[in-house]
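In terms of the numbering used here, the sequence shown opens at residue 853 and continues consecutively. A virtual CB, placed ideally from N, CA and C, is assigned to each residue, including glycine.
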Amino acid sequence: MKEHVRVILADDHEVVRLGLKTLLDDVPWVEVVAQAGTADEAFRLAEAYMPDVVIMDIRMPGNSGIDACREITSRLDGVQVIMLTSYSDDELILKALQAGASGYILKQVGNRSIVSALEAVRSGNAALDPQVTRLVIEQVRKDEIARQAAAFRDLSSREMEVLAEVAKGLSNNEIAAVLNLSEKTVRNHVSAILTKLNLHNRIEAATYAVRHDIERHLPSQNN
């Protein structure tokens, strides 16, 4: 844990910066080393002072706080960014986190949460508002489902059904009976599946199907 945290405040409203500085001046292990009114100025000051943390509004004149966050986290090693904003916008939150922000705190949550965010960063943790944490978890889950679904995007609905039965260990004859198809048709589907997925045999196909959770993506599961 850092014994002392050096902070830059970046917000285009002077009254906000003053309020934050007044708050942080009462925290013995925090030192506000500079203040910025624009995103570009925030980057220049961060480059000059190399603080531990930049607390930055997401919406500022010129380049956005997200642009500055991306520049700071990618070019200034060890400088972390906490986004501070009154906007509870899911898309903006995700963009900020993707830009490298260590935290995202809503202004309306209160002063204590800002100090808690700094304490988290001071300890090497992410400083996320509970609402943001929920959003991140949901987005990760959505991304994983989308990634799995993409694994089968080249297969037809019928090929998906055949592959699901292959994953259960059924033979072509057994699959034909389950899906009411001829054995030759099943054999053709299996061959097409192997070609489309660049697989060599049924075992590889079954492993692929299970790994990507094919049951979740069957046509009958999406209706």
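query: Where A888 falls: helix, strand or coil (DSSP); result: strand
query: C-alpha gap between L839 and K1048, whole angstroms; result: Shown here, the chain extends from 853 to 1075; a query on residue 839 therefore has no answer.
query: Contact test: L946 Cβ vs the ligand HEM heavy atom, cutoff 6 Å; result: Ligands displayed in this structure: none; no statement on the ligand HEM is therefore possible.
query: Straight-line Cα distance separating A1061 from H1069; result: 10 Å
query: Distance between beta carbons of I918 and L936, contact taken as under 8 Å; result: Contact doesn't hold; Cβ gap of about 13 Å is too wide.
query: Inter-residue spacing [alpha-carbon to alpha-carbon] between E1026 and R999; result: 30 Å
query: Residues near V973 by beta carbon distance below 7 Å, same chain, minus five either side; result: V905, Q932, I934, S954, G955, A979
query: Beta-carbon contacts of R922 that lie in its chain and below 8 Å, excluding the five residues immediately before and after; result: A951, G952
query: Those runs of the alpha helix (DSSP H) which lie wholly inside the segment 932–958 and span at least 4 residues; result: 942–950
query: Three-way DSSP call (helix, strand, coil) for I860 in this model; result: strand
query: Beta-carbon proximity list for L944, same chain, < 7 Å, skipping 5 on both sides; result: I910
query: Residues near E866 by beta carbon distance below 8 Å, same chain, minus five either side; result: G889
query: Through-space distance from V1014 to N915, alpha-carbon basis; result: 52 Å
query: Residue burial classification, A894 (beta-carbon count within 10 angstroms, cutoff 16); result: buried
query: Beta-carbon gap between V967 and P903 smaller than 7 Å; result: no
query: Spatially closest choice to I1066 from H856, A1003, L870, by CA coordinates; result: A1003
query: Own chain partners of E1017 with C-beta closer than 8 Å, once the 5 adjacent residues on each side are dropped; result: E1026, I1027, V1030, L1031
query: Cβ distance (whole Å) where L928 is taken to contact V857 below 8 Å; result: That pair is no contact at about 16 Å.
query: V1042 versus L1022: straight-line alpha-carbon distance, rounded; result: 12 Å
query: Proximity of D863 and R869 at Cβ, strictly below 7 Å; result: yes
query: Straight-line gap, S1057 to A948 (C-alpha atoms, nearest Å); result: It should be noted that the sequence gives Ala, not Ser, for residue 1057. The straight-line gap from Cα to Cα measures roughly 39 Å.
query: Cα-Cα separation between A1001 and S938, rounded to whole angstroms; result: 35 Å
query: K873 and V885 closer than 7 Å at C-beta; result: no
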